[in-house]
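Okay, so here's the structure we're looking at.
Residue numbers (the numbering used here): 8 to 373.
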């Protein structure tokens, strides 16, 4: 995809900032730290306008999706461990899809300004990757709404001060509810994903909540928001796979065997070329999905599902070969390719792995 001058400026500006503030030693320090977030990095991204620029814009979903993908690819290239795309972007997409404009705009402004850290709790322990398998209950009383249930794999769920939670009401409707991070009755259990992102499992016991959307259109809005997020994460996977290629090309150029760089051996050169070809196939799937950003929900769902399959096939091929061409050292933290490997594997699994989305694609086409 050829970037417009504005998109190219966005890319180069963010790349320069990340090169200056988030080099590989900084990544290693972050992954080895007990910290679950980096306030300075987050504030820098907010101050630079990149958080606000990445958010979906109701009046221009197509261009805002492209902007988010440009930013996501740079996050992937630098292997940024900050769960904005997995949490706040997903929450913003939920707001755009499910909440009317008058109520949505203040919430989106709080995300873009960094005033609040939003997360989204949509999946449940026994629901696999299905978004409609909701056992969390929302009960209305004289004092408002209260939620009881469990949510799994909530990215940034430990540090978020605002969480959007899906729940089923007493009449069987699906709703989205907003909960504050310090709400009484909520227990958050921290863990780290394979690629070092902070996440949480959440238990809710009569937690006070504010409804932001309830009704027949909410399930479709939730799926649409997840599909939009999948496309942006696909762009991040492209960036991480590109990082794996760059690192592998550099390593094979300096690693010598039999008195010459192993990159000069035909079999290695062919392997590197195949990595590039597979990456371009994945990149093409991202471009196709972006071209459907303003299309119907059915078309966007097919594009997102197809992209997930490509991440599982093309993306994993690239990072797998990166490890193979490095040899054993490619698996250790001190080599960047190991982090690219984990990033692509994590993205392929998040919100449904390739097998799940292949089944979803097949059902939609039947």
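Glycine included, C-beta positions come from ideal geometry on N, C-alpha and C.
- With respect to the 7 Å criterion, residue 22 and residue 80 are not classified as neighbours on the basis of their beta carbons.
- Under the DSSP definition of a beta bridge, residue 264 partners with 267.
- At a Cβ-Cβ threshold of 7 Å, residue 102 and residue 111 count as neighbours.
- Residue 137 and residue 20 have their C-alpha atoms some 38 Å from each other.
- Within its own chain, the residues whose Cβ lies closer than 6 Å to the Cβ of residue 188, once the five positions on either side in sequence are excluded, are 167 and 168, listed in chain order.
- Bridge partners of residue 218 according to DSSP: 184.
- Listed in chain order, the non-local C-beta contacts of residue 225 below 7 Å within the same chain comprise 105, 181, 182 and 183, local neighbours out to five positions each way being set aside.
- Assigned with DSSP and collapsed to three states, residue 110 falls in helix.
- Here the alpha carbons of residue 269 and residue 262 stand approximately 6 Å from one another.
- Fewer than three Cβ pairs drawn from the segment 269 to 280 and the segment 290 to 299 lie within less than 8 Å of each other, which leaves the two stretches out of contact.
- Between the alpha carbons of residue 326 and residue 146 lies a distance of about 46 Å.
- Residue 84 is classed as buried because its beta carbon has at least 16 other beta carbons within 10 Å across all chains shown.
- As a beta-bridge residue in DSSP terms, residue 161 pairs with 207.
- Rounded to whole angstroms, the separation of the alpha carbons of residue 114 and residue 345 is 37 Å.
- Contact holds between the segment 315 to 325 and the segment 340 to 360, because three or more Cβ pairs, one in each stretch, are under 8 Å apart.
- Contact between the segment 205 to 217 and the segment 147 to 167 is present: 3 or more CB-CB pairs across the two stretches fall below 8 Å.
- Taking 8 Å as the upper bound for CB-CB distance, residue 247 and residue 86 are in contact here, some 6 Å apart.
- Excluding its 5 nearest sequence neighbours in each direction, residue 361 has C-beta neighbours in its own chain below 7 Å: 315, 316, 318, 319, 320 and 355, listed in chain order.
- Uninterrupted alpha helix (DSSP H) stretches at least 4 residues long and entirely within the segment 31 to 114 occur at 31 to 39, 46 to 54, 57 to 61, 68 to 85 and 96 to 105, given in chain order.
- The distance from the Cβ of residue 204 to that of residue 339 is about 20 Å, inconsistent with a contact at the 8 Å cut-off.
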